[in-house]
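Each remark here refers to the structure printed beneath this line.
Numbering (the numbering used here), first residue to last: -19 to 394.
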């Protein structure tokens, strides 16, 4: 591969944003250990620091970086002012880290300033994404429904950011009580379900094909599952804003039904998998199961089990979403490394570059972290939470070592 081509490849998906996202993933386990050792297992500002490190620093930063390529690949669109969109992720990341620091040290002036920086950068990215989507024209290969799905999740991200900005300034003393009483659950669910979950549900039904060698046996399952999850979210937003126990109960029922159908569809695809490289598939299977369990915990919270709230958020972020990202890294991420090292025509499969014992060891460590952390938060046990954080940090280190090994093997054989 020529140097100019290598530079262009690296410039398309901002590699520094992906690295920053993975660094945030590792740091999140260190913060979880610190929270456990301090005995912090209930919601609070230190817990919000951890939540935003995972949701913004890890998941959203990686999602925005990958979307730079996904909108081009799935919709055949060239980004409007692509370099500006890519570099907008730098101030976004800085704002996210400032927000985490502000929550950790209860510096609400820093929370407000950092939120403004992150939301400002995100506004640039979203404006360019909207201009790019406006160029879309349906074809035989891609329907307008795909474009509308991307527009929906990006709109959810915009709403999440607007609510978060208002809450941040209210914490700093510049907002009414609505921002700190009604807005928080709206912000949390719009971000966790409307932005991240609907994005993953939609994109995973396309990316699961290279990971498994198969696809859904009925497109209606994906459509109905996505519709139920969206309906559940909208009902929840009404229930939080009203407030209304009836709407919240309907939201929990619709959301749980949607996650069950999604998992059933995913499980069928995995059962029919033709690709022999199993660790990514195991991560996807665990992720889907955690999606259902998180929905069940969320329903329990709405039924009056308020103590489950921390476990619900943890399982959704680190279990459902985090394990899905890990599974994609172990297949699609390694394929990207192989093409960067060996050229676009390279057909090396991830299983040829990764060490299977490291892959399975990282899978086991991560699942111990997910299950152990969820149980620790439900039981209110700080030591157990710290132990879960240690398992997660081990899984992250093993995965990092495996990816570095894959890169070196690919380079040696290039």
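For glycine and all other residues, C-beta sits at the position ideal for the given N, C-alpha and C. Since the model is a prediction, treat every value here as computed from it, not as a measurement.
- With contacts defined as CB atoms closer than 9 Å, residue 253 and residue 193 qualify as a contacting pair.
- If you ignore the 5 residues before and after residue 249, its C-beta comes within less than 7 Å of the C-beta of 188, 192, 194, 195, 196, all in its own chain and listed in chain order.
- When only Cα atoms are considered, residue 10 and residue 370 end up about 8 Å apart.
- The stretch 98 to 107 and the stretch 151 to 161 do not touch, with fewer than three beta-carbon pairs separated by less than 8 Å.
- Looking only at 130, 387, 285, 0, the smallest Cα-Cα distance to residue 57 is reached by 130.
- Residues of the same chain with a CB within less than 7 Å of the CB of residue 180, apart from the 5 flanking positions on each side, are 301, 304 in chain order.
- Under the three-state reduction of DSSP, residue 261 is assigned to helix.
- Short of 6 Å from the beta carbon of residue 379, and not among the five residues preceding or following it, lie these beta carbons of its own chain, in chain order: 342.
- For residue 163, the enclosing alpha helix (DSSP H) covers residues 163 to 169.
- In this structure, residue 186 sits away from residue 260, with a CB-CB distance that is not shorter than 9 Å.
- Straight-line spacing of the CA atoms in residue 16 and residue 206 works out to 35 Å.
- In the displayed model, residue 391 falls within a helix according to three-state DSSP.
- Taking a contact as a CB-CB distance under 8 Å, the pair residue 212 and residue 234 counts as one, their CB atoms being some 4 Å apart.
- For the 9 Å CB-CB criterion, residue 246 and residue 264 form a contact.
- Rounded to whole angstroms, the Cβ separation of residue 279 and residue 347 is 23 Å, and the two are not in contact under 8 Å.
- DSSP places residue 140 inside the alpha helix (DSSP H), whose first and last residues are 124 to 151.
- A straight-line Cα-Cα distance of about 44 Å links residue 355 and residue 326.
- For residue 64, the number of other beta carbons within 10 angstroms of its own is below 16, and it is reported as exposed.
- Sequence-distant partners of residue 172 (beyond 5 residues in either direction) whose C-beta falls short of 6 Å from its own C-beta, in its chain, are 296.
- Within the stretch 0 to 38, the complete alpha helix (DSSP H) segments of 4 residues or longer fall at 25 to 32, listed in chain order.
- Each of 132, 2, 165, 322 was checked against the Cα of residue 175, and the nearest Cα belongs to 132.
- Counting along the chain, no alpha helix (DSSP H) covers residue 328, and no H or E run does either.
- Only residues of its own chain outside the window of five on either side were considered, and among them 15, 20, 290 have a CB closer than 8 Å to the CB of residue 27, listed in chain order.
- The alpha-carbon of residue 118 is positioned some 46 Å away from that of residue 12.
- For residue 240, the enclosing alpha helix (DSSP H) covers residues 225 to 251.
- Runs of the alpha helix (DSSP H) spanning 4 or more residues and lying entirely within the stretch 279 to 316 occur at 289 to 294, 302 to 308, in chain order.
- A direct Cα-Cα distance of roughly 9 Å separates residue 33 from residue 39.
- DSSP places residue -7 in no alpha helix (DSSP H); its state is neither H nor E.
- When the five nearest sequence neighbours on each side are left out, the beta carbons in the same chain lying within less than 8 Å of the beta carbon of residue 6 are those of 373, 376, 377, 380, in order along the chain.
- Cβ contact annotation for residue 73 (same chain, cutoff 6 Å, sequence separation greater than five): 0, 41, in chain order.
- The Cβ-Cβ distance between residue 60 and residue 112 falls below 9 Å.
- Taking residue 178 as reference, the option from 209, 168, 159 with the minimal CA-CA separation is 209.
- Annotation for residue 116: 55, 57, 127 place their beta carbon closer than 7 Å to its own, counting only its chain and skipping 5 residues before and after.
- Taken atom to atom, the span from the alpha-carbon of residue 332 to that of residue 389 is near 9 Å.
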